[in-house]
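Line order of the protein sequences matches chains P and G.
Mind the numbering: the first sequence is residues 1 to 500 in the numbering used here, read in order.
Mind the numbering: the second sequence is residues 1 to 99 in the numbering used here, read in order.
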Amino acid sequence: MSGDVHTLGVAALARALQSGRLSSVEATQALLAGTARHAELGTFLVTNEAKAMQQAQAADARRARGEAGPLTGVPLAHKDIFVTDFARTGLPSTAGSKMLAGYQSPFDATVVARLHDAGTVTLGKLNCDEFAMGSANENSAFGPVKNPWDLQRVPGGSSGGSAAAVAARLVPAATGTDTGGSIRQPASFVGVTGIKPTYGVCSRYGMVAFASSLDQAGPMARSAEDCALLLSAMSGFDARDATSAQRPPQDFAAAMHTPRASASAARPLLGLRIGLPKEFFPAALAADVEGAVRGALAELENLGATLVDVSLPRTELSIPVYYIIAPAEASSNLSRFDGVKFGHRAEHYADLMDMYKKSRAQGFGPEVKRRIMIGTYVLSHGYYDAYYVQAQKLRRMIADDFQACFQRCDLIAGPVAPTVAWKLGEQGDDPLQAYLADIFTLPASLAGLPGMSVPAGFGAAGMPVGLQLIGNYFEEGALLHAAHALQQATDHHTRVPSGY
Amino acid sequence: MALTPEDVSRIAHLARLDLSTAEQAQMLVQLNGFFGIVEQMGAVDTRGVEPLYTPLSAVQDVQLRLREDVVSEQVDRAANQRSAPAVENGLFLVPKVIE
C-alpha cells in the first residue's frame, strides 16, 4: 500500500489510515523518501526524519487506542512562515530569510499546534519568499522553487514551496499564508486548490508577521474537499491573536456537502449567482488564461449557476493601495529584527546604531529592504496622510465596492493572475512587474474576504490556470461548495505533472 | 514628485539599514518607479471616508479585546534566549550604550 501513498490526497489518506490498509509510519516513510528523490524542486528547506517518525508512531498508537480523529496520522508540511517548536519537531523556523537562519522557535504557531493536536505528522518546512514577500518564490534566501509542470518556470509565491510540493504529490497537503495572494496565485500557477479564509478565521499567532491587517493562513491541497478538512482543523478563535474572529468552531466539510435548497444532483449550483467583475477581464488578460477561466465558468453554468455582470471599479487602484499598506505594516513588524533578541547579528560594527544597521542590511534580502524602505517612507512625518491614510480610505472604498457587488451575486469569480507562471529570472530587476501581476488577488485581500484558487484548466505550454472564487465574509462554506461541485464535474485538479 | 538620493539616504537611516552606494542608487530608481503608480491614489476624492485599518470593520463594529491582567502562562527564559546572538547570565548583550 505504501507505494501508492503519493497518489492519495488528505481524505483518501485518512480513509486508508482508518481502514488499517496503511499506517502513518508507512505513509511518512514513503513521503520522506519522495521528498529526498525530488530535491530538484527546492520545495523543502528542512525535514527531520527521526522526529517525523516519532510523530507517526504516536499517531498510529493513538489510532490503536481508538482515539484517532479524522486527520490523525496524515503527514503534511508547513510553509516556513509558521514557527514550529524546535524541541518538539527538530525543525528550525526561517521565514525564508538569512535573518532567521537556524532560528529555534520555543513554541508552535497556533495553526501548527492545532494540526498537531489533530494528529497530523509534520514532514518538514517548505520554502517561501523571504518573509512571504514575493509572487514567484525567487526572493527566498535559500534558493528558488521550481514549478513541477516546467522546471524553467516559477511556482508562484509566496507559498511557492507549499504549492509545488502539493502539485508534485510530495505531500497530500500543505499550509500556506496569503497576504496579497500568496495562497491563491501559487495554487493557480501549479494547478492545486487553495483557500484564503476570511481575515480572522485562522490565528496569526506564530506566523512570522508581514502585514498584520492582511496576513491569513489557509490550506493548499489537491481538492476543495481536502481543503475543507484541513481548514476545519486549522481555524477557530485564538485568544493569542488580537484580531482573531470570535466565532464558534466550524465544520467546513459539512458546509461544503450541504446541498443548496433548490438544487438537484445534476444541477447542484441551481440558484447560485456568480458575479463577474468586468475589471477582472481586461484587454491585458492573457488569452489562454481567459479561455480556461471562461471554460470553468461555463461548467459552473452547466451545474446550475447564473453568471451576472458586476463591477469592482477600483481594482487597478488596489495595487498602489496594497503596496502602501503592506510595506507600512511590514516596516513596523520587521523593526523587531535588531540583532539583539534573535536573528542575525553583524560580526563587525562600531556601536549600537551601527550594529542595528549592519545586522539588518546583511540579514534582509533586496525585496524585503525595498518594502521596508517604502513602508518607512509612507509612515514618515509629512507623508503619512498623503500615502498611508489615503490608502486606508481607499481600502474602505474597495471593501464597499465588494458589498455593492454582493447585493447582486453570491460569489465573485475571475482569473487569479493575468498570465500563467512565468520563467525563472524573467522579471529581472524590475519589482514593479510582479506587483502589477497581483492585480486580481489584492482586492479581496484588502477587503479581508475569503478567496480560493480552483484548477480551471491549462493554458499555453500546458501550464495550469486557476479560477478565483471570492465570497462574502465568513462564506467559506459557499466557496468550498461551489469548488467541490466544479471538481465533481471536471478533472483538472486530478492532473499530475509528468515525472511526479 | 520624485525621491532624491538624499531622501533615500534619510529613509535608510530611519529604517536602520546600512545600504551601499550602489544599493541606494538602485533603490532610488525602483522606488521612483513604484511611486509612479502611487500618484493615481491622490486623484481620488476620499473626503468623508473613514480609513479601514482592520478589514472586518467594513461590515461590523470591531472592538479590540482586553484580557484580564493575570498570569496566563510561564515563560522559559532559556528556550526564548536560545537563538539570541549574545547572552550572558540570562541577559541580552549589546554594545556599550552609556559610557
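Glycine is no exception: its CB is placed at the ideal position from the N, C-alpha and C atoms.
Nearest CA to the CA of residue i: which residue from the options?
i: Asp288 (chain P); options: P:Pro415, P:Tyr349, P:Leu71; result: P:Pro415
i: Ala58 (chain G); options: P:Gly451, P:Ala404, P:Phe131, P:Leu22; result: P:Ala404
i: Val454 (chain P); options: P:Ala109, P:Lys98, P:Pro186; result: P:Pro186
i: Asp491 (chain P); options: P:Pro268, P:Leu41, P:Gly295; result: P:Gly295
i: Gly102 (chain P); options: P:Leu214, P:Arg345, P:Pro144, P:His481; result: P:Arg345
i: Phe501 (chain P); options: P:Lys146, P:Met207, P:Val111, P:Ser262; result: Chain P is shown only over 1 to 500; residue 501 (chain P) falls outside these bounds and no answer can be derived.
i: Ala242 (chain P); options: G:Gln60, G:Leu66, G:Gly33; result: G:Leu66
i: Gln251 (chain P); options: P:His493, P:Glu475, P:Gly499, P:Ala489; result: This sequence places Asp at residue 251 (chain P); Gln is not what is there. Looking at the Cα atoms, P:Glu475 is the closest of the given residues.
Following a CB-centred definition, is residue i positioned closer than 7 Å to any heavy atom of the ligand MN?
i: Asp429 (chain P); result: In the structure shown, the ligand MN is absent, as is every other ligand, since no ligand is present at all.
Going straight from the alpha carbon of residue i to that of residue j, what length do you get?
i: Ala132 (chain P); j: Ser264 (chain P); result: 42 Å
i: Thr84 (chain P); j: Gln74 (chain G); result: 18 Å
i: Asp226 (chain P); j: Ala173 (chain P); result: 8 Å
i: Lys357 (chain P); j: Arg16 (chain G); result: 5 Å
i: Leu71 (chain P); j: Glu68 (chain G); result: 34 Å
i: Ala61 (chain P); j: Ala245 (chain P); result: 34 Å
i: Gly382 (chain P); j: Leu432 (chain P); result: 25 Å
i: Asp117 (chain P); j: Ala59 (chain P); result: 10 Å
i: Thr175 (chain P); j: Lys96 (chain G); result: 43 Å
i: Gly466 (chain P); j: Leu13 (chain P); result: 25 Å
i: Val308 (chain P); j: Gly181 (chain P); result: 24 Å
i: Glu130 (chain P); j: Ser262 (chain P); result: 47 Å
i: Leu303 (chain P); j: Ala39 (chain P); result: 41 Å
Just verifying my parser: in three-state terms, what is the DSSP assignment at residue i?
i: Val46 (chain P); result: strand
i: Thr243 (chain P); result: coil
i: Thr46 (chain G); result: coil
i: Pro5 (chain G); result: helix
i: Leu285 (chain P); result: coil
i: Arg273 (chain P); result: strand
i: Gly451 (chain P); result: strand
i: Gly363 (chain P); result: helix
i: Thr110 (chain P); result: helix
i: Leu71 (chain P); result: coil
i: Arg153 (chain P); result: strand
i: Gly466 (chain P); result: strand
For residue i versus residue j, is the C-beta distance shorter than 8 Å?
i: Gln390 (chain P); j: Met41 (chain G); result: yes
i: Ala483 (chain P); j: Met463 (chain P); result: no
i: Gly563 (chain P); j: Met53 (chain P); result: For residue 563 (chain P) there is no data in the structure shown, the boundaries of chain P being 1 and 500.
i: Arg240 (chain P); j: Tyr205 (chain P); result: yes
i: Leu31 (chain P); j: Leu126 (chain P); result: no
i: Ser135 (chain P); j: Gly365 (chain P); result: no
i: Ala165 (chain P); j: Gly156 (chain P); result: no
i: Leu123 (chain P); j: Thr28 (chain P); result: yes
i: Ala255 (chain P); j: His481 (chain P); result: yes
i: Leu312 (chain P); j: Phe402 (chain P); result: yes
From the beta carbon of residue i, is the nearest beta carbon of chain P less than 8 Å away?
i: Ala2 (chain G); result: no
i: Thr54 (chain G); result: yes
i: Val94 (chain G); result: yes
i: Ala15 (chain G); result: yes
i: Ala58 (chain G); result: yes
i: Ile98 (chain G); result: no
i: Val70 (chain G); result: no
i: Pro51 (chain G); result: yes
Chain G beta carbons: is any one of them nearer than 8 Å to that of residue i?
i: Ile183 (chain P); result: no
i: Lys146 (chain P); result: no
i: Gly200 (chain P); result: yes
i: Pro431 (chain P); result: yes
i: Gly448 (chain P); result: yes
i: Lys51 (chain P); result: no
i: Ile319 (chain P); result: yes
i: Phe342 (chain P); result: yes
i: Tyr349 (chain P); result: yes
i: Gly339 (chain P); result: yes
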